[in-house]
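**Student:** Each protein sequence line maps, in turn, to chains A and B. So for the first sequence, this note's numbering puts the first residue at 210; every next one is plus one. So for the second sequence, this note's numbering puts the first residue at 210; every next one is plus one. For each residue, glycine too, the CB sits at the ideal point set by N, CA and C. Only a predicted model underlies this, so the values are computations on that prediction, with no experimental measurement involved. This is the structure, below, for whatever I ask next.
Protein chains: 2
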Amino acid sequence: MGAVTTELTDEAVLAANAAFYQALEGGDLAAMDALWAEGDDAVCIHPGRTPLCGWDDVHRSWAAIFGAGGNPQIILTEERVTRRGGVGWVSATENMLSGANTAVATAINVFEHDGQRWRMIVHHASPILR
Amino acid sequence: MGAVTTELTDEAVLAANAAFYQALEGGDLAAMDALWAEGDDAVCIHPGRTPLCGWDDVHRSWAAIFGAGGNPQIILTEERVTRRGGVGWVSATENMLSGANTAVATAINVFEHDGQRWRMIVHHASPILR
């Protein structure tokens, strides 16, 4: 969550996106809490699951995931950012490595600038079925 | 694509979203073409698939899907709209009925207002795995 995430630039959106995956890899609930938009508009869709709507449910899901441990290493590829003023989104492929297991998901992450910094408002990750 | 989709309102975003599912149900490629943002920023993720980036690839995917026929009936539930000025997105559950078969997916659809009307710029549908 460096200072770069305060700017109205594509790079700042990508930095906010990187902060999300850093929190995810590290199982860092405080960092995850800090980077989301708190409110009813927050939506989180974990791979293969139904949407969690509103910050309370989103937060609880991360607490449960991090509580279960075994956070994967995630290598992002094919990152693409689009920004329209204070709203930006990133499309990316999540290459997840957990021990000897690998999985691939595709994500759309939407961020909004709250006047001070970028906050995640939508995380939609979905499994790639082969 | 009624006049309502020209307004900077949540209702107009929902109307644009409804127009998308109407085009999808009807297998109407001309309507689908008309409602998307044409350009490199268009992203379409069909359930279980990797992202298609850029309007050319997105268009080709709809042409192939519609060419194969058998367009499902889709009943949308749990629609939620969020809008920040000229960008809006809809979270919804897609209940698909095709003959005796049913399937459920969850979607995030992002729209941008081009100055005249709302256009889809992201469609991300993902399977719900039980």
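Quick one: what does DSSP say residue 317(A) is sitting in, helix, strand or coil?
**Tutor:** As a working mapping, residue 317(A) is identified with position 108 in the first sequence. Reduced to three states, the DSSP call for residue 317(A) is strand.
**Student:** Alpha helix (DSSP H) containing residue 238(B): first to last residue?
**Tutor:** For the purposes of this step, residue 238(B) is taken as residue 29 along the second sequence, with counting starting at 1. 238-244 is the extent of the alpha helix (DSSP H) around residue 238(B).
**Student:** I need the boundaries of the alpha helix (DSSP H) containing residue 234(A), first residue and last residue.
**Tutor:** Translated into the one-based positions of the first sequence, residue 234(A) becomes position 25. First-last of the alpha helix (DSSP H) with residue 234(A): 219-235.
**Student:** Look up residue 214(B) in the DSSP assignment and say whether it is helix, strand or coil.
**Tutor:** By one-based count along the second sequence, residue 214(B) stands at place 5. In this structure, residue 214(B) counts as helix in the three-state DSSP scheme.
**Student:** Going by beta-carbon coordinates alone, are residue 251(B) and residue 245(B) separated by less than 7 angstroms?
**Tutor:** Within the second sequence, numbered from 1, the residue matching residue 251(B) stands at position 42. Within the second sequence, numbered from 1, the residue matching residue 245(B) stands at position 36. Yes. Within cutoff.
**Student:** If the criterion is Cβ atoms closer than 7 angstroms, does the pair residue 234(B) and residue 280(B) meet it?
**Tutor:** The sequence position of residue 234(B) within the second sequence is 25, counting from 1. The sequence position of residue 280(B) within the second sequence is 71, counting from 1. Taking 7 angstroms as the Cβ cut-off, residue 234(B) and residue 280(B) qualify as a contacting pair.
**Student:** Report yes or no: is there a C-beta of chain B within less than 7 angstroms of the C-beta of residue 257(A)?
**Tutor:** Position 48 of the first sequence, counted from the start, is the residue given in the question as residue 257(A). Chain B contact via Cβ: present.
**Student:** Starting from residue 254(B), trace the beta strand (DSSP E) in both directions and tell me its first and last residue.
**Tutor:** Taking the first residue of the second sequence as position 1, residue 254(B) is located at position 45. That run of the beta strand (DSSP E) goes 252-254.
**Student:** Expressed to the nearest angstrom, what Euclidean distance is found between the alpha-carbon atoms of residue 210(B) and residue 229(B)?
**Tutor:** Residue numbering aside, residue 210(B) sits at position 1 when the second sequence is read from its first letter. Residue numbering aside, residue 229(B) sits at position 20 when the second sequence is read from its first letter. Residue confidence is low: residue 210(B) scores 46 on pLDDT, short of 50, so the model does not pin down where it sits. Its coordinate-derived value is still stated next. Taking the straight line joining both Cα atoms gives about 9 angstroms.
**Student:** Can you list the residues of chain A that residue 262(B) reaches, using a CB-CB cut of under 9 angstroms?
**Tutor:** Translated into the one-based positions of the second sequence, residue 262(B) becomes position 53. By Cβ distance, chain A contributes 287, 289, 300.
**Student:** Using CA atoms only, rank isn't needed, just tell me which of 288(B), 247(B), 283(B) is closest to residue 357(B).
**Tutor:** With chain B running from 210 to 339 in the structure shown, residue 357(B) is simply not present.
**Student:** Quick one: residues in its chain with C-beta nearer than 8 angstroms to the C-beta of residue 296(B), no 5 flanking neighbours on either side, listed in chain order?
**Tutor:** Here residue 296(B) is taken as the residue at index 87 of the second sequence, counted from 1. So the list reads 319, 320, 321, 322, once near-sequence residues are dropped.
**Student:** Residue 299(A) and residue 223(A) look like a contact to me (Cβ under 8 angstroms); what is the Cβ gap, rounded to whole Å?
**Tutor:** Against the first sequence, residue 299(A) aligns to sequence position 90. Against the first sequence, residue 223(A) aligns to sequence position 14. Indeed, because the Cβ distance is near 7 angstroms, the residues count as touching under 8 angstroms.
**Student:** Apply the 10 Å Cβ neighbour rule to residue 307(A) and answer buried if 16 or more other Cβ atoms are within range, or exposed otherwise.
**Tutor:** Position 98 of the first sequence, counted from the first residue, corresponds to residue 307(A). Classification for residue 307(A): exposed.
**Student:** Counting only Cβ-Cβ distances shorter than 8 angstroms, please list the residues of the region 302-319 of chain B near chain A, keeping chain order.
**Tutor:** Taking 8 angstroms as the Cβ-Cβ cut-off against chain A, the residues of the region 302-319 of chain B that qualify are 302, 315, 317, 319.
**Student:** Taking Cβ-Cβ distances shorter than 7 angstroms, what residues in chain B pair up with residue 250(A)?
**Tutor:** Position 41 of the first sequence, counted from the first residue, corresponds to residue 250(A). The contacting residues are 291.
**Student:** Within this structure, are the beta carbons of residue 334(A) and residue 312(A) separated by less than 7 angstroms?
**Tutor:** On the first sequence, position 125 is the one that residue 334(A) refers to. On the first sequence, position 103 is the one that residue 312(A) refers to. Contact: no.
**Student:** When the Cα atoms are used, what is the spatial distance from residue 324(A) to residue 215(A)?
**Tutor:** For this step, residue 324(A) is matched to residue 115 along the first sequence. For this step, residue 215(A) is matched to residue 6 along the first sequence. Their Cα atoms are separated by approximately 8 angstroms.
**Student:** Kindly indicate which three-state DSSP category residue 274(B) falls into: helix, strand or coil?
**Tutor:** Counting from one through the second sequence, the residue named residue 274(B) turns up at place 65. If DSSP states are grouped into helix, strand and coil, residue 274(B) belongs with the helices.
**Student:** Any heavy atom of the ligand FMN within a distance shorter than 6 angstroms of the CB on residue 220(B)?
**Tutor:** You won't find the ligand FMN in this model; it holds no ligand whatsoever.
**Student:** Straight-line CA distance for residue 273(A) to residue 254(A)?
**Tutor:** In the first sequence, counting from the first residue as 1, residue 273(A) sits at position 64. In the first sequence, counting from the first residue as 1, residue 254(A) sits at position 45. C-alpha separation (whole angstroms): 14 angstroms.
**Student:** Output yes if chain A places a C-beta closer than 7 angstroms to the C-beta of residue 210(B); else output no.
**Tutor:** For the purposes of this step, residue 210(B) is taken as residue 1 along the second sequence, with counting starting at 1. Confidence is the limiting factor: at residue 210(B) the pLDDT is only 46, short of 50, which leaves the residue's position unreliable, though a coordinate-based value still follows. So, not an interface residue.
**Student:** Is any beta-carbon of chain B found at less than 7 angstroms from that of residue 335(A)?
**Tutor:** Indexing the first sequence from 1 puts residue 335(A) at position 126. Chain B contact via Cβ: present.
**Student:** Give a yes or no on whether the minimum CB-CB distance between residue 254(B) and chain A is below 7 angstroms.
**Tutor:** Position 45 of the second sequence, counting from 1, holds the residue named residue 254(B). Yes, residue 254(B) lies at the interface with chain A (some Cβ there is under 7 angstroms from its Cβ).
**Student:** Look up residue 269(A) in the DSSP assignment and say whether it is helix, strand or coil.
**Tutor:** Counting from 1 along the first sequence, the entry for residue 269(A) is found at position 60. Three-state DSSP puts residue 269(A) in a helix.
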